[in-house]
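Below: one structure, written as structure tokens.
2 protein chains.
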Amino acid sequence: MTHVARIDEGARTGARRRVDALAKPLGALGRLEDLAVWLAGVQGTSAPVPPREVSVVVFAGDHGVTGDGAVSAYPRAVTAAMVREFLRGGAAVNVLAGAHGARVRVVDLGVDDDLTDTPPEVRRHKVRRGSGAIQREDALTVDQALAGLAAGRAIADEEVDAGADLLVPGDMGIGNTTVAATLVGTVLGLDADQVVGWGTGVDDETWRHKRDVVAAALERARPYADDPVALLRSVGSADLAAGTGFLLRSAERGVPVLLDGVVSGACALLAERSAPGAVAWWCAGHRSTEPAHRAALASLGLAPLLDLELRLGEASGALTALPLLRTAALLLAGMTTLDSVAPPVPEQV
Amino acid sequence: MTHVARIDEGARTGARRRVDALAKPLGALGRLEDLAVWLAGVQGTSAPVPPREVSVVVFAGDHGVTGDGAVSAYPRAVTAAMVREFLRGGAAVNVLAGAHGARVRVVDLGVDDDLTDTPPEVRRHKVRRGSGAIQREDALTVDQALAGLAAGRAIADEEVDAGADLLVPGDMGIGNTTVAATLVGTVLGLDADQVVGWGTGVDDETWRHKRDVVAAALERARPYADDPVALLRSVGSADLAAGTGFLLRSAERGVPVLLDGVVSGACALLAERSAPGAVAWWCAGHRSTEPAHRAALASLGLAPLLDLELRLGEASGALTALPLLRTAALLLAGMTTLDSVAPPVPEQV
Numbered sequence: 048m049t050h051v052a053r054i055d056e057g058a059r060t061g062a063r064r065r066v067d068a069l070a071k072p073l074g075a076l077g078r079l080e081d082l083a084v085w086l087a088g089v090q091g092t093s094a095p096v097p098p099r100e101v102s103v104v105v106f107a108g109d110h111g112v113t114g115d116g117a118v119s120a121y122p123r124a125v126t127a128a129m130v131r132e133f134l135r136g137g138a139a140v141n142v143l144a145g146a147h148g149a150r151v152r153v154v155d156l157g158v159d160d161d162l163t164d165t166p167p168e169v170r171r172h173k174v175r176r177g178s179g180a181i182q183r184e185d186a187l188t189v190d191q192a193l194a195g196l197a198a199g200r201a202i203a204d205e206e207v208d209a210g211a212d213l214l215v216p217g218d219m220g221i222g223n224t225t226v227a228a229t230l231v232g233t234v235l236g237l238d239a240d241q242v243v244g245w246g247t248g249v250d251d252e253t254w255r256h257k258r259d260v261v262a263a264a265l266e267r268a269r270p271y272a273d274d275p276v277a278l279l280r281s282v283g284s285a286d287l288a289a290g291t292g293f294l295l296r297s298a299e300r301g302v303p304v305l306l307d308g309v310v311s312g313a314c315a316l317l318a319e320r321s322a323p324g325a326v327a328w329w330c331a332g333h334r335s336t337e338p339a340h341r342a343a344l345a346s347l348g349l350a351p352l353l354d355l356e357l358r359l360g361e362a363s364g365a366l367t368a369l370p371l372l373r374t375a376a377l378l379l380a381g382m383t384t385l386d387s388v389a390p391p392v393p394e395q396v
Numbered sequence: 048m049t050h051v052a053r054i055d056e057g058a059r060t061g062a063r064r065r066v067d068a069l070a071k072p073l074g075a076l077g078r079l080e081d082l083a084v085w086l087a088g089v090q091g092t093s094a095p096v097p098p099r100e101v102s103v104v105v106f107a108g109d110h111g112v113t114g115d116g117a118v119s120a121y122p123r124a125v126t127a128a129m130v131r132e133f134l135r136g137g138a139a140v141n142v143l144a145g146a147h148g149a150r151v152r153v154v155d156l157g158v159d160d161d162l163t164d165t166p167p168e169v170r171r172h173k174v175r176r177g178s179g180a181i182q183r184e185d186a187l188t189v190d191q192a193l194a195g196l197a198a199g200r201a202i203a204d205e206e207v208d209a210g211a212d213l214l215v216p217g218d219m220g221i222g223n224t225t226v227a228a229t230l231v232g233t234v235l236g237l238d239a240d241q242v243v244g245w246g247t248g249v250d251d252e253t254w255r256h257k258r259d260v261v262a263a264a265l266e267r268a269r270p271y272a273d274d275p276v277a278l279l280r281s282v283g284s285a286d287l288a289a290g291t292g293f294l295l296r297s298a299e300r301g302v303p304v305l306l307d308g309v310v311s312g313a314c315a316l317l318a319e320r321s322a323p324g325a326v327a328w329w330c331a332g333h334r335s336t337e338p339a340h341r342a343a344l345a346s347l348g349l350a351p352l353l354d355l356e357l358r359l360g361e362a363s364g365a366l367t368a369l370p371l372l373r374t375a376a377l378l379l380a381g382m383t384t385l386d387s388v389a390p391p392v393p394e395q396v
């Protein structure tokens with residue numbers, strides 16, 4: 048049972064009042080104003096500060112959907128290779144985190160490789176190698192789905208206990224947009240055509256195969272549309288289960304999250320269904336080119352900060368948006384008030 | 048006569064090749080990839096660096112359109128008051144520049160105040176106090192329009208000579224969105240209804256008056272639609288003339304520009320008409336809520352990086368987008384290549 052922490056409405060009201068008094072026309076900073084007010088609510092102060100301890104967690108896993116023919120432009124072995132690259136520091140997430148002062152942690156939940164050459168903490172939460180082919184079998188057992196959720200919760204706790212004031216979920220896993228599209232389609236009652244995208248860049252033939260895979264998986268998953276745990280067992284994966292647990296725990300602990308692309312969007316949808324109201328703790332960093340992501344954000348009522356046609360995953364969209372969050376807080380803290388600049392505006396000019 | 052500097056196509060090709068080799072699916076970084084390639088072309092190197100010496104110039108002026116009844120939510124005196132605030136450091140542009148490591152220069156081209164309490168360099172390029180009421184008289188004399196253009200060119204030269212590697216035009220002036228809408232409407236042959244927006248936040252009655260003012264000004268300006276200098280004289284202002292000269296000179300000097308909102312959009316439209324191809328040196332930081340801005344960007348073929356409903360001016364949108372430009376350069380420089388992560392992908396997976 049998830050108990051969502053309360054947003055500080057008093058802090059929001061105070062921040063809105065401050066925003067409205069700044070030396071600018073009412074509303075002229077547009078969505079940066081809303082962002083400052085959101086930060087106030089999640090930080091519990093009408094004077095929010097730019098997030099300083101930003102923790103990125105990349106949840107990695109492989110997916111059985113890649114077994115019956117391509118649903119991705121890349122072979123499964125790329126997942127393990129990229130996990131190793133995250134540890135070496137040459138991936139997009141590393142560069143972005145370095146540029147914007149965030150730390151990156153990569154966690155193997157279900158990579159189809161033992162990764163014995165990686166540090167034990169990378170593998171500590173491993174649930175299994177790969178997952179079932181969701182077009183015809185369950186992705187996980189119930190125990191594995193619960194283990195994935197628990198791992199995500201534990202990781203959120205570790206990060207928050209280590210001082211994180213902003214959590215950023217990332218993902219790595221060939222085939223994961225297929226799983227995410229299935230989850231979003233099931234929860235929102237959409238058809239495969241409405242949720243399947245080009246992922247990392249498939250061709251038309253692969254897209255059609257991917258759509259057929261998702262259509263079959265949607266068929267299998269329909270009975271569980273209202274049961275997040277059953278959904279993760281039936282058509283999810285250990286890495287998406289962990290992403291979901293991570294988001295649920297953030298909302299329990301009252302720590303804000305900057306969401307990334309379609310994978311964290313699918314997790315957010317499941318988490319919000321498990322714990323209505325949790326979405327108040329999350330901000331959408333960007334909108335990717337995946338149709339399932341657009342649908343998930345719309346359902347969650349989240350307007351993305353960026354829309355730059357990114358489709359990489361790894362938390363790359365969220366980290367690209369991170370400076371906007373900081374900018375919003377700095378504007379609120381640093382701008383003078385209109386009253387101090389000019390006398391009050393008369394009713395009739 | 049403007050001689051637009053050449054974009055380095057070789058550098059662009061080299062940067063594109065590098066982008067395509069990075070450890071990510073082809074195109075997965077979306078518009079950040081295009082941004083890195085643009086930077087390569089304007090910096091003349093296939094290994095572009097994040098802009099370091101960013102110079103923001105706020106062009107300030109008052110506008111005769113504010114004389115016959117309100118076109119703005121604010122009285123004219125706010126222009127001079129905000130110029131003083133820019134010098135004190137409490138305006139949005141100051142906070143944003145401080146956050147993102149840019150320097151701010153404010154230049155009075157046509158503020159309706161002698162501003163004798165400000166440093167002489169602020170007033171050195173002053174053309175006149177205010178401008179004509181463009182719904183019924185010329186904004187400037189020809190000599191004043193040319194003086195404004197020359198001032199903008201001189202300022203660009205000063206900034207580039209001082210080491211600027213990115214120029215950012217800003218604006219301050221009650222009534223300036225009315226002038227910008229008129230210029231955009233004239234150049235693109237649009238009606239007042241298609242270009243007039245809510246500016247800093249007018250009410251419906253003020254919007255209708257603003258539309259009538261723009262309709263009258265458009266009528267006056269139509270004969271000069273193809274003559275940028277005559278347009279600036281007839282329905283422009285000294286501050287928009289300077290903004291236009293600033294952009295023209297940037298393209299001659301071969302220094303990139305990050306554009307702000309509708310005012311710099313109108314200047315860009317005039318400058319591109321004067322010197323076709325100059326637009327290659329400019330990047331659109333954001334899209335404001337002003338319809339004339341949307342029209343100007345579409346005509347220029349510029350896709351804005353941000354669309355956050357900002358409508359403040361002062362270079363606030365451009366500065367909010369600045370981290371994206373730096374992020375794009377850092378990704379290109381810092382990411383490893385796909386070949387180094389995983390063996391080449393076979394044709395059939």
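Respectively, the protein sequence lines represent chains B and S.
Under this note's numbering, think of the first position of the first sequence as 48, with each following residue one higher.
Under this note's numbering, think of the first position of the second sequence as 48, with each following residue one higher.
Ideal placement from N, C-alpha and C gives every residue a C-beta, glycine not left out.
Checklist entry - In angstroms, rounded to a whole number, what distance separates the CA positions of E206(S) and V84(S)? => result The residue labelled residue 206(S) in the question sits at position 159 within the second sequence. The residue labelled residue 84(S) in the question sits at position 37 within the second sequence. Using only the alpha carbons, I get a separation of about 24 Å.
Checklist entry - Closer than 9 Å, Cβ to any Cβ of chain B: which residues of the stretch 138 to 159 of chain S, in chain order? => result A138, A139, N141, V142, L143, G145, A146 and H147
Checklist entry - With a cut-off of 8 Å, does the C-beta of T229(B) fall near any C-beta of chain S? => result Reading the first sequence from its first residue, position 182 is the one you call residue 229(B). No, its Cβ sits nowhere closer than 8 Å to a Cβ of chain S.
Next on the checklist: Quick check on the burial criterion: 16 or more other C-beta atoms within 10 angstroms. Buried or exposed for E56(B)?
Outcome noted: Taking the first residue of the first sequence as 1, we reach residue 56(B) at position 9. Its Cβ having fewer than 16 others within 10 Å, E56(B) is exposed.
Checklist entry - Between L187(B) and V101(B), which are expected to be in contact by the criterion C-beta below 8 Å, what is the C-beta distance as a whole number of angstroms? => result Working through the first sequence from its first residue, we reach residue 187(B) at position 140. Working through the first sequence from its first residue, we reach residue 101(B) at position 54. Contact flag wrong, Cβ pair sits at about 30 Å.
Checklist entry - Closer than 9 Å, Cβ to any Cβ of chain S: which residues of the stretch 342 to 363 of chain B, in chain order? => result L352, L353, D354, L355, E356, L357, R358, L359, G360, E361 and S363
Item to check | Partner residues on chain S for R414(B), Cβ-Cβ distance less than 7 Å | outcome: Here chain B covers residues 48 to 396 and nothing more, so residue 414(B) does not appear.
Next on the checklist: Taking the beta carbon of P338(B) as the centre, do at least 16 other beta carbons fall within 10 Å, making it buried, or is it exposed?
Outcome noted: As a working note, residue 338(B) is residue 291 in the first sequence. Burial call: buried.
Checklist entry - What is the residue span of the beta strand (DSSP E) that V154(B) lies within? => result The residue labelled residue 154(B) in the question sits at position 107 within the first sequence. Unbroken beta strand (DSSP E) run through V154(B): A149 to G157.
Next on the checklist: Can you look up L196(B) in the DSSP assignment and give me helix, strand or coil?
Outcome noted: Within the first sequence, residue 196(B) is the residue found at index 149, counting from 1. Helix at L196(B).
Checklist entry - Using a beta-carbon distance cut-off of less than 7 Å, what residues from the stretch 221 to 251 of chain S approach chain B? => result T247 and G248
Next on the checklist: Please classify V103(B) as buried or exposed, where buried requires at least 16 other C-beta atoms within 10 Å of its C-beta.
Outcome noted: Locating residue 103(B) in the first sequence gives position 56, counting from the first residue. Its Cβ being crowded by 16 or more others within 10 Å, V103(B) is buried.
Checklist entry - Out of curiosity, what's the CA-to-CA distance linking T126(B) and G61(S)? => result The count along the first sequence starts at 1 and reaches residue 126(B) at position 79. The count along the second sequence starts at 1 and reaches residue 61(S) at position 14. Straight-line Cα distance between these residues: approximately 28 Å.
Item to check | Where W17(S) falls: helix, strand or coil (DSSP) | outcome: Because chain S in this structure spans residues 48 to 396, residue 17(S) falls outside the shown range and cannot be described.
Item to check | Closer than 9 Å at the beta carbon, the chain S residues around E132(B) | outcome: Here residue 132(B) refers to the residue found at position 85 of the first sequence. Within 9 Å Cβ-Cβ: A70, T383, S387, V388 and A389.
Checklist entry - In the structure shown, what three-state DSSP assignment does S311(B) receive? => result Here residue 311(B) is taken as the residue at index 264 of the first sequence, counted from 1. In the structure shown, S311(B) sits in a helix (DSSP, three-state: H, G or I).
Checklist entry - Name the chain B residues whose beta carbon is nearer than 7 Å to that of V260(S)? => result Here the question's residue 260(S) lines up with position 213 in the second sequence. Within 7 Å Cβ-Cβ: nothing; V260(S) doesn't reach chain B, min ~14 Å.
Next on the checklist: By the DSSP assignment, the beta strand (DSSP E) with G108(B) in it spans what residues?
Outcome noted: Here residue 108(B) refers to the residue found at position 61 of the first sequence. G108(B) -> beta strand (DSSP E) spans V101 to G108.
Item to check | Burial state of V189(B), where buried means 16 or more other Cβ atoms lie within 10 Å | outcome: Along the first sequence, read from residue 1 onward, the residue named residue 189(B) stands at position 142. Classification for V189(B): exposed.
Checklist entry - What residues of chain S sit near L278(B), judged by a beta carbon separation below 8 Å? => result The residue you call residue 278(B) lines up with position 231 of the first sequence. Result: empty, since nearest Cβ-Cβ is about 27 Å, beyond 8 Å.
Checklist entry - Terminal residues of the continuous beta strand (DSSP E) containing M129(B)? => result Numbered from its first residue, the first sequence carries residue 129(B) at position 82. Taken as a continuous stretch (DSSP letters only), M129(B) belongs to no beta strand (DSSP E), being part of the alpha helix (DSSP H) at A124 to R135.
Checklist entry - alpha helix (DSSP H) containing P370(S): first to last residue? => result Mapped onto the second sequence, residue 370(S) falls at position 323. Start and end: S363 to G381.
Next on the checklist: Just to check my reading of the structure: V154(S) and A107(S) have Cβ atoms closer than 8 Å, yes? What is that Cβ distance to the nearest angstrom?
Outcome noted: Locating residue 154(S) in the second sequence gives position 107, counting from the first residue. Locating residue 107(S) in the second sequence gives position 60, counting from the first residue. Confirmed, Cβ separation roughly 7 Å.
Item to check | Endpoints, the beta strand (DSSP E) within which D218(B) is located | outcome: On the first sequence, residue 218(B) is found 171 positions in, with the first residue counted as 1. L213 to M219 is the span of the beta strand (DSSP E), which, as asked, contains D218(B).
Next on the checklist: With three or more C-beta pairs closer than 8 Å as the rule, is the stretch 74 to 82 of chain B touching the stretch 370 to 379 of chain B?
Outcome noted: yes
Next on the checklist: Short of 8 Å in beta carbon distance, which residues of its chain neighbour A198(S), apart from the five on each side in sequence? Order them along the chain.
Outcome noted: Taking the second sequence and counting its residues from 1, the one referred to as residue 198(S) is at position 151. The residues are V154, L156, H172, V174, A285, A288, A289 and G292.
Item to check | Sufficient close CB pairs (3 or more, under 8 Å) joining the stretch 255 to 268 of chain B to the stretch 298 to 307 of chain B | outcome: no
Checklist entry - Would V388(S) pass as a contact of A70(S) if the rule is Cβ separation under 8 Å? => result On the second sequence, residue 388(S) is found 341 positions in, with the first residue counted as 1. On the second sequence, residue 70(S) is found 23 positions in, with the first residue counted as 1. Yes, Cβ-Cβ distance for V388(S) and A70(S) is below 8 Å.
Item to check | When R176(S), G348(S), W329(S) and M219(S) are compared against Q90(S), the one with the closest alpha-carbon | outcome: Position 43 of the second sequence, counted from the start, is the residue given in the question as residue 90(S). Taking only the C-alpha atoms, the option nearest Q90(S) is W329(S).
Next on the checklist: Less than 7 Å between C-beta atoms, sequence neighbours within five positions excluded: which residues of the same chain meet that for A438(B)?
Outcome noted: Nothing can be reported for residue 438(B): it is not among the residues displayed for chain B, which extend from 48 to 396.
Checklist entry - At least one CB of chain B closer than 8 Å to the CB of P216(S): is that the case? => result Counting from 1 along the second sequence, the entry for residue 216(S) is found at position 169. Answer no: the Cβ-Cβ gap between P216(S) and chain B never drops below 8 Å.
Checklist entry - Is the CB of M219(S) under 8 Å away from at least one CB in chain B? => result Taking the first residue of the second sequence as position 1, residue 219(S) is located at position 172. So no, M219(S) is outside the interface.
Checklist entry - Does the stretch 334 to 349 of chain B touch the stretch 304 to 320 of chain B, meaning 3 or more C-beta pairs lie closer than 8 Å? => result yes
Item to check | Contact set for H147(B): own chain, Cβ-Cβ below 7 Å, skip 5 residues either direction | outcome: Translated into positions along the first sequence, residue 147(B) becomes position 100. Excluding positions up to five away in sequence, the list reads L366, L369 and P370.
Checklist entry - What does V103(S) touch in chain B if you count any residue whose Cβ is under 7 Å from its own? => result The residue labelled residue 103(S) in the question sits at position 56 within the second sequence. Within chain B, no residue comes near V103(S); the closest Cβ sits about 15 Å away, beyond 7 Å.
Checklist entry - Alpha carbon to alpha carbon, how far is D238(S) from A345(B)? => result Taking the second sequence and counting its residues from 1, one reaches residue 238(S) at position 191. Taking the first sequence and counting its residues from 1, one reaches residue 345(B) at position 298. Between D238(S) and A345(B), the C-alpha separation is close to 34 Å.
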